[in-house]
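Heads up: the sequence shown is residues 0 to 156, going by numbering that gives the first Met the number 0.
From the three backbone atoms N, C-alpha and C, an ideal C-beta is built for every residue, glycine too.
Scroll down for the structure; my scribbles are underneath it.
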Amino acid sequence: MTLGCQISDSFIAMLKKVYTEGSLMPDALKQMKKALFGPHGFQSGERYHFDSKDLIETANSMDREDNSPNKYGFIGMNVLSPGGLFDTGMGNSWSSAIVKELRDKHNKPDACAACGVGEAETGKNLLLCSRCKDRKYCSPACQKKHWKIHKKLCEPV
Numbered sequence: 000m001t002l003g004c005q006i007s008d009s010f011i012a013m014l015k016k017v018y019t020e021g022s023l024m025p026d027a028l029k030q031m032k033k034a035l036f037g038p039h040g041f042q043s044g045e046r047y048h049f050d051s052k053d054l055i056e057t058a059n060s061m062d063r064e065d066n067s068p069n070k071y072g073f074i075g076m077n078v079l080s081p082g083g084l085f086d087t088g089m090g091n092s093w094s095s096a097i098v099k100e101l102r103d104k105h106n107k108p109d110a111c112a113a114c115g116v117g118e119a120e121t122g123k124n125l126l127l128c129s130r131c132k133d134r135k136y137c138s139p140a141c142q143k144k145h146w147k148i149h150k151k152l153c154e155p156v
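Spelled out as structure tokens, the structure:
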């Protein structure tokens, strides 16, 4: 986005659904939301600046009253990486149920979304989601079981 790359409309639509599923820090989530949904958000092919401070700007904007230099003359900053010093339980794109659903939909389009069984194994046609006509199920029970995940991605035809 920062470089002005071309991103397809379908990829932007997918980003709007899954950008919260990774391990982005709170400020990064706000920046992504602004880029994807804001009035002056990202436009494909145009440079987009996230307006984030770099490390030097962050250090220079710190409140000096509470920060006294250490014995070497430096003022420390607590800048943690995503996940911090320990597992925060935030998850990542590999553990996200939404991202897994998108992968399964792409890699196994002709299998039951809930149990993975194919038409050849059941000997009958799989049922289609009546709303989006895009996900297949071997039974109403499988569709009901899978609805919690699928409803986040289901768009009416």
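- Annotated three-state conformation of residue 113 is coil, per DSSP.
- Check the Cα spacing between residue 111 and each of 125, 105, 98: the tightest is with 125.
- Of the other Cβ atoms in all chains shown, 16 or more fall within 10 Å of the Cβ of residue 134; this residue is therefore buried.
- A residue is called buried when at least 16 other Cβ atoms come within 10 angstroms of its Cβ; residue 120 does not meet this threshold and is exposed.
- Where residue 105 is concerned, the enclosing alpha helix (DSSP H) starts and stops at 96–106.
- Close CB contacts of residue 131 within its chain, under the 7 Å cut and outside five residues either way in sequence, are with 153, 154, 155, 156 (chain order).
- In this chain, the alpha helix (DSSP H) harbouring residue 17 covers 8–17.
- Closest by C-alpha distance to residue 55, out of 41, 69, 74, 70, is 74.
- Taking the Cα positions, residue 147 is about 51 Å away from residue 67.
- For residue 122, the closest of 113, 137, 128 by C-alpha to C-alpha distance is 137.
- Judged by DSSP in its simplified three-state form, residue 135 adopts strand.
- One Cα belongs to residue 117, the other to residue 10, and the distance between them is close to 27 Å.
- Scanning 127, 2, 72, 71 for the CA closest to the CA of residue 41 turns up 2.
- The beta-carbon separation of residue 101 and residue 13, rounded to 7 Å, stays under the 8 Å limit for a contact.
- Here residue 140 is exposed. Its C-beta has fewer than 16 other C-beta atoms within 10 Å.
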